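Structure, as structure tokens:
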Amino acid sequence: MRIGRTLVAVVGAVLLAVALAPSVGALEVGQQAPDFALNGPDGKPVKLGDLTAKGPVVLYTFVAAFTPT
Numbered sequence: 001m002r003i004g005r006t007l008v009a010v011v012g013a014v015l016l017a018v019a020l021a022p023s024v025g026a027l028e029v030g031q032q033a034p035d036f037a038l039n040g041p042d043g044k045p046v047k048l049g050d051l052t053a054k055g056p057v058v059l060y061t062f063v064a065a066f067t068p069t
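Under our numbering, the sequence shown has 66 at position 66, and the numbering climbs by one with no breaks.
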């Protein structure tokens, strides 16, 4: 019974710490995104800096139940 209470207390403390922690690396509205690269559908790397050089970019992420996260 004592182990159960200790486990509940530890899990509760971890969840509380995660909930109260500030978002690390979060951007404010209007702040410029850091340059990064991801692979495109053809497998070739695409850099955000290359896209923004052509004009404004909207980055949209769609995560659904059937997509891996």
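The C-beta atom is built at its ideal place from N, Cα and C for all residues, glycine as well.
Keep in mind that this is a model prediction, so the values were computed, not measured.
>> Just to confirm, is the Cβ distance from LYS44 to ASP35 under 8 Å?
In response: Sequence index remark: in the sequence shown, residue 44 carries index 44 (1-based). Sequence index remark: in the sequence shown, residue 35 carries index 35 (1-based). In this structure, ASP35 does not lie closer than 8 Å to LYS44 by Cβ.
> Which one of VAL11, ALA9, VAL8 and ALA37 has the shortest CA to CA distance from LEU51?
Replying inline: The count along the sequence shown starts at 1 and reaches residue 51 at position 51. Just measuring C-alpha positions, the residue of VAL11, ALA9, VAL8 and ALA37 sitting nearest LEU51 is ALA37.
> Under three-state DSSP, which class holds LEU46?
Replying inline: For the purposes of this step, residue 46 is taken as the residue at position 46 of the sequence shown. Sequence inspection shows Val at residue 46; the Leu mentioned does not correspond to that position. Three-state result, VAL46: strand.
>> Could you give the first and the last residue of the continuous beta strand (DSSP E) run that contains LEU38?
In response: Counting from one through the sequence shown, the residue named residue 38 turns up at place 38. Unbroken beta strand (DSSP E) run through LEU38: 37-39.
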